[in-house]
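The sequence shown runs 40 to 169 under this note's numbering. The structure appears right after this line, and notes come after that.
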Amino acid sequence: MRNIIAFAAVMMILGVYRASDMSHIKIVSWYQSITDYQAFSRSIDDVITHLRETNTELVFRAFWRWNVIPDECPEGDTACELAGRSYAHLEDAIAEIKSELPDIIICGGIACERINAQERNPITGETFDR
């Protein structure tokens, strides 16, 4: 529960959500990861079904980044494809989930010890230095 409270505090500090946006949330699921369903012989529809059946309002750590994640998997990299380890996989999974569950909040995660000296926003291409 402390992780969820910390997450909510960070999201409010960053201005992503206001306290009033988060105050109604009662069901949070730790679903790591929304992109690796193929490795478990599942489909994105199975992920959506799990979230719907549990009445999930916030998906915590839906995508976990430890190493550098490519925008798209390199050609022939079956391990990357199977694990859904690219920002393209994440974008597609979020779009599918949001099409069925538009009000769900999806949160990714990164280990603090893995924040690099230079980080790149995969959506805007913007680079951030420490």
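Idealized CB from N, CA, C, for every residue including glycine.
Beta-bridge partners of residue i, as assigned by DSSP
i       : result
Ile-144 : Leu-97
Gln-157 : Asp-168
Ile-149 : Arg-104
Span of the alpha helix (DSSP H) around residue i
i       : result
Val-86  : 83 to 92
Asp-131 : 126 to 139
Three-state class that DSSP yields for residue i in the structure shown
i       : result
Glu-120 : helix
Segment limits, beta strand (DSSP E) that includes residue i
i       : result
Thr-166 : 166 to 168
Val-67  : 67 to 69
Contact between the stretch 60 to 69 and the stretch 106 to 119 (3+ Cβ pairs under 8 Å): Counting Cβ pairs under 8 Å, fewer than three are found: no touch.
Sufficient close CB pairs (3 or more, under 8 Å) joining the stretch 143 to 150 to the stretch 88 to 105: yes
Stretch-stretch touch, CB-based, cutoff 8 Å, three pairs: the stretch 75 to 91 with the stretch 119 to 129: yes
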